[in-house]
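These notes are about the structure you will find just below.
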Amino acid sequence: MNFKRLETFIWVATLGSFRKAAEHQHTTQPAISNRIAALEDELGVRLFERESGHSKLTSKGQELLPYAEKIVFMAQQLRKRADRGASLSGILRLGVSETIVHSWLPRFFRELHETAPNLDVEITVDVSGNLRSGLLDRSLDLAFLMGPVSEPKIENRALCSFPLIWVASPELNLPDRLLALKELAEWPIITYARNTKPFAEISQKFSEMDELPARFYSSSSLAACRQLTLDGIGISTLPLSVIKHELESGRLVQLNTSWTPSELAFTASYSGAPFNPIAELAANLGVMVSDEYDRTTHHENLSPDLKNDN
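Our numbering applies: residue 1242 is where the sequence shown begins, and numbers increase by one.
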């Protein structure tokens, strides 16, 4: 049986389109149609109902799809065991949340290059909502994002989380005491983009106040949020990894507040079907590097006495 035809069957079923399957497999739509027609002739069944711009599995196609996925998965595993070098070449389309960029991503790329020196990587830095869409439409192979992605065929591996802290420029002369939310709201709140979990949580919390509503300066760029905060435009809540050097130099100060948003929880998420050995490998490396970063950062943030106890 021709494995290329089975792979094509899986991709058309996954993407719901002959055209999209052709784009993904770097071939033409007629070539995809010929492969499916040949597979249907070989099996003696009709696999798809063709509609304008869309292809829907027949009942027989739905029945046979898991078998095709199993055959292709086992064939890929066989190739992986037989020729590890070949399985680690090609292109990894990686989506990354900016928080990861400012923390352990450089370490990840060093490990990835050591493990797969022949691998090309296309990097997309974006908010988690857009990265999730990229995973679902298969324009991304793997994403380090605020997850998990709750979809049946998406695998999620837990990465380290990032506590958020309130910070401001010392030029604002905020009191060195416990600050209530209404005191924070006297300044613009510089925060994540509106289509993110942190913004939703922060805006909901401030909406519960009886006072005048808070003003939000939202951005998809953490670098922009940091710079606006450094310039004294407002106050912000950011991961320590993004503003660690500014805190150490005194260009920003941490605020003592009555409420802090939840930690940012990240996952390495990728499609489990069709199986992608490169995405799985990179996800495993991401988990390893993330865990090491978390241990190192936790140790660095301990007081000297606690470090000695450890």
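We put the CB at the ideal spot given by N, CA and C, even for glycine.
Whole-number beta carbon distance between residue j and residue i, since they are thought to touch under 8 Å
i       : j       : result
Thr1498 : Leu1413 : That belief does not hold up - the Cβ atoms of Thr1498 and Leu1413 are roughly 14 Å apart, past 8 Å.
Gly1573 : Asp1367 : As displayed, the chain neither begins before 1242 nor continues past 1551, which places residue 1573 out of reach and without an answer.
Glu1339 : Leu1471 : 17 Å between Cβ atoms; not a contact.
Ala1426 : Glu1452 : 7 Å
Gly1513 : Ile1395 : 7 Å
Val1408 : Leu1469 : Contact flag wrong, Cβ pair sits at about 11 Å.
Leu1381 : Trp1500 : Not really, about 34 Å apart at Cβ, beyond 8 Å.
Leu1306 : Leu1298 : 7 Å
Member of the options whose CA lies at the smallest distance from the CA of residue i
i       : options                            : result
Leu1479 : Ala1514, Leu1400, Glu1504          : Glu1504
Met1387 : Phe1440, Ile1474, Glu1355, Asp1282 : Phe1440
Asn1371 : Leu1493, Asp1361, Val1390          : Val1390
Lys1301 : Thr1432, Arg1291, Arg1287, Ala1399 : Arg1287
Ala1357 : Asp1282, Leu1333, Pro1347          : Leu1333
Leu1481 : Ile1474, Ser1344, Leu1377          : Ser1344
His1265 : Trp1252, Tyr1534, Ala1523          : Trp1252
Arg1536 : Ala1384, Glu1355, Cys1401          : Cys1401
Pro1404 : Gln1495, His1295, Pro1502, Ala1384 : Pro1502
Gln1317 : Pro1411, Glu1521, Arg1348          : Glu1521
Ile1277 : Phe1244, Val1342, Glu1304          : Phe1244
Asn1436 : Glu1427, Pro1347, Arg1379, Ser1369 : Ser1369
Thr1365 : Arg1351, Leu1319, Ala1384, Arg1348 : Ala1384
Ile1430 : Met1529, Ser1274, Glu1363, Ser1477 : Ser1477
Ser1296 : Val1530, Leu1493, Thr1249, Pro1416 : Thr1249
Thr1538 : Lys1485, Asp1361, Pro1416          : Lys1485
Glu1283 : Ser1459, Ala1409, Val1313, Leu1247 : Leu1247
His1432 : Pro1411, Val1408, Ser1410, Ser1460 : It should be pointed out that residue 1432 corresponds to Thr in this sequence rather than to His. Of the listed residues, the one whose Cα sits closest to Thr1432 is Ser1460.
Ala1263 : Thr1299, Leu1319, Arg1379          : Arg1379
Gln1303 : Gly1257, Arg1348, Leu1319          : Gly1257
Thr1508 : Ala1465, Val1313, Arg1373, Ser1410 : Arg1373
Cα-Cα separation, residue i to residue j
i       : j       : result
Lys1261 : Leu1526 : 30 Å
Pro1518 : Lys1446 : 42 Å
Ser1444 : Lys1438 : 10 Å
Ile1406 : Ala1272 : 54 Å
Lys1311 : Met1450 : 55 Å
Thr1255 : Asp1532 : 33 Å
Phe1516 : Leu1376 : 13 Å
Leu1353 : Ala1434 : 30 Å
Arg1456 : Ile1474 : 12 Å
Ser1510 : Asn1397 : 4 Å
Met1315 : Tyr1308 : 11 Å
Ser1490 : His1267 : 51 Å
Thr1269 : Asn1275 : 10 Å
Glu1362 : Glu1292 : It is Val, not Glu, that sits at residue 1362 in the sequence shown. Roughly 35 Å between the two C-alpha positions.
Glu1355 : Ala1506 : 27 Å
His1540 : Val1530 : For His1540, the pLDDT reaches just 47, beneath the cut-off of 50, and the residue's location in the model is therefore unreliable, although a value from the coordinates is still provided. Going by the C-alpha atoms only, they are around 15 Å apart.
Ser1544 : Ala1523 : Its pLDDT being 42, under 50, Ser1544 is placed unreliably in this model, and the value from its coordinates should be taken loosely. Roughly 34 Å separates the two Cα atoms.
Asp1417 : Val1494 : 10 Å
Arg1492 : Val1483 : 13 Å
Leu1415 : Leu1346 : 34 Å
Leu1547 : Leu1488 : Legend: pLDDT at Leu1547 = 37, less than 50; position of this residue unreliable, no value from coordinates given.
Tyr1534 : Ala1399 : 14 Å
Asp1550 : Arg1348 : Residue placement at Asp1550 cannot be trusted, given a pLDDT of 45 that sits under 50; the coordinates are not used to answer.
Leu1360 : Arg1351 : 12 Å
Pro1454 : Ser1448 : 6 Å
Leu1280 : Phe1289 : 11 Å
Pro1411 : Glu1392 : 45 Å
Arg1467 : Glu1424 : 20 Å
Phe1259 : Val1313 : 19 Å
Tyr1458 : Trp1428 : 10 Å
Closer than 9 Å to chain D by CB, residue i
i       : result
Thr1538 : This model lacks chain D altogether, as it is built from one protein chain only.
Those residues which DSSP pairs with residue i across a bridge
i       : result
Thr1508 : Leu1386, Ala1399
Thr1498 : Leu1420
Arg1334 : Glu1363
Ala1409 : Val1494
Distance cut-off 8 Å: residue i Cβ against heavy atoms of the ligand HEM
i       : result
Lys1261 : With respect to the ligand HEM, the structure shown offers nothing to examine, as it has no ligands at all.
*asked:* List, from N- to C-terminal side, the alpha helix (DSSP H) runs of 4 residues or more that fit wholly inside the region 1256-1323.
replied: 1259-1265, 1270-1284, 1300-1323
*Run through the region 1421-1489 for me and flag every whole alpha helix (DSSP H) of 4 or more residues, listed as ranges in chain order.*
1422-1425, 1438-1448, 1463-1471
*Taking only runs that begin and end inside the region 1336-1406, name each unbroken beta strand (DSSP E) of 3 or more residues, in chain order.*
1360-1366, 1383-1387, 1395-1403
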